[in-house]
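Residue numbers (the UniProt record's numbering): 1 to 458. Yeah, the Cβ is synthetic: ideal placement off N, Cα and C, and Gly gets one too. Here's the structure, in structure tokens; my notes come after.
See the structure below:
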């Protein structure tokens, strides 16, 4: 082994061997090698999380650190090798301000100590919530019940002719248990009826009931709309989606079709069904859980066939595909995904937000739609980025590793990174649009055109 500072060889040697009883004996049997005394010890692993030698932060390396350097000895804004602190001077921690070095394992800012303290606190809370188990009863309930039970009525055929005239024992109704039919009686309560009447004045609920043959949970769609908005429900038969659809009537303008769609994960998605939703309609908004994954809106998960089909459909028709930046579906064992989408025709979605509310595995998604100043997107738009310009813009506008101390700063850093990345890409790219409909050229001819252009370049 060599010294990390001087790179000079040290009197230390590291050996790696298989774990066996024979190899474990070297700790007691080997004391000298070549008439030189040696000490065999187990390799001491580093304790605590990785720490940067440049900024003294945790969980990253100094090789790629771009933060302001901070001294491990005196907390100054310089590297440790440039420190001029005397040996007798007390050190100062740049993390907590204490009189110790920044790499001291007992520092209050060390994440290892904070994690252990959090585990201990949770263990104390868990032990405090333990409910003592009650002692078993002294007498057996079933034996006591058998002793107190009245004997069954005996037949009097042997002692008295004719039918028995003994009246049956009276039945005592337990008033402590409510009759299940009382639930329906409660619906006739004037207060309950008044609540339903009040709701019907403001909203109309259009729903579809999921198919009875599917055993899994989930499914079903609904639309809630204010009653003072003129609208009517429309029926759309579609084999790929469960659909609830309404049409909003606008004076002196074309109506708006709003469709709440749900696609079960195991059901195939057909392109014809997507065309059926938008056919003969000028203003359409389709939103819901489509169970579609694609790298264009969900780069951290695998693509599926539904995501590729929807992506090709929107690219070929020019319809706007909108998805939030944050995950909308959360899973205990798998990665969080974005599967709640919206497809627009004749309108613009100005903002999409995944709202972390409700106690469900899906976040509610807010789509803000604008009908003013709508311009149809180009059917095929290609971007030609200048990567050197992109790198320069990104290095000048995007800071290095930001200092983060709470959850809100994490969210702000993510939003800042996404917006800066998009602006740098747009400012460094040249866009070329093709306004001609791709569907006007058959796919076979398009493939031959691609082959001809490829042969020309070769």
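- With a threshold of 16 other beta carbon atoms within 10 Å, residue 294 meets it and is buried.
- If you compare the alpha carbons of 324, 350, 333 with that of residue 339, the shortest gap goes to 324.
- Residue 335 and residue 292 have their C-alpha atoms some 14 angstroms from each other.
- The Cβ-Cβ distance between residue 329 and residue 302 does not fall below 8 angstroms.
- Per the coordinates, the alpha-carbon of residue 74 lies some 13 angstroms from the alpha-carbon of residue 104.
- Selection 346, 269, 245 evaluated against residue 311 yields 269 as nearest (Cα-Cα).
- Around residue 288, the same chain offers 260, 261, 262 as residues with beta carbons nearer than 6 angstroms, after the five sequence neighbours per side are excluded.
- By the Cβ test, the segment 220-232 is in contact with the segment 244-252, since at least three Cβ pairs between them sit closer than 8 angstroms.
- Rounded to the nearest whole angstrom, the C-alpha separation of residue 63 and residue 29 is 42 angstroms.
- In this structure, DSSP gives residue 340 an extended state, which the three-state scheme calls strand.
- Within the same chain, 54, 55, 77, 78, 79 come within 8 angstroms of residue 69 by CB-CB distance, once the 5 residues on both sides are set aside.
- For residue 118, the uninterrupted alpha helix (DSSP H) segment begins and ends at 111-128.
- In the displayed model, residue 95 falls within coil according to three-state DSSP, outside both helix and strand.
- Comparing alpha carbon positions, the residue from 9, 23, 399, 448 closest to residue 65 is 399.
- Rounded to the nearest angstrom, the gap between the Cα atoms of residue 348 and residue 197 is 36 angstroms.
- Put simply, of 267, 23, 456 the residue whose alpha carbon is nearest the alpha carbon of residue 239 is 267.
- When DSSP states are grouped into helix, strand and coil, residue 289 belongs to the strand group.
- The continuous beta strand (DSSP E) containing residue 231 extends over residues 231-234.
- Only residues of its own chain outside the window of five on either side were considered, and among them 390, 393, 394 have a CB closer than 6 angstroms to the CB of residue 424, listed in chain order.
- Just measuring C-alpha positions, the residue of 81, 58, 86 sitting nearest residue 111 is 58.
- Counting every other CB atom within 10 Å of its CB across the protein chains shown gives residue 108 a total below 16, marking it as exposed.
- In the three-state DSSP reduction, residue 237 falls in the coil class, being neither helix nor strand.
- Going by beta carbons, residue 52 and residue 60 fall inside the 8 angstroms limit.
- Looking at the backbone, the Cα of residue 91 and that of residue 411 are separated by about 35 angstroms.
- Burial state of residue 387 is exposed, judged by a 10 Å Cβ sphere holding fewer than 16 other Cβ atoms.
- The C-beta distance from residue 345 to residue 319 rounds to 5 angstroms, short enough to meet the 8 angstroms contact threshold.
- Annotation for residue 285: 258, 344 place their beta carbon closer than 6 angstroms to its own, counting only its chain and skipping 5 residues before and after.
- Ranked by how close their Cα comes to the Cα of residue 255, the residues 244, 282, 192 have 282 in first place.
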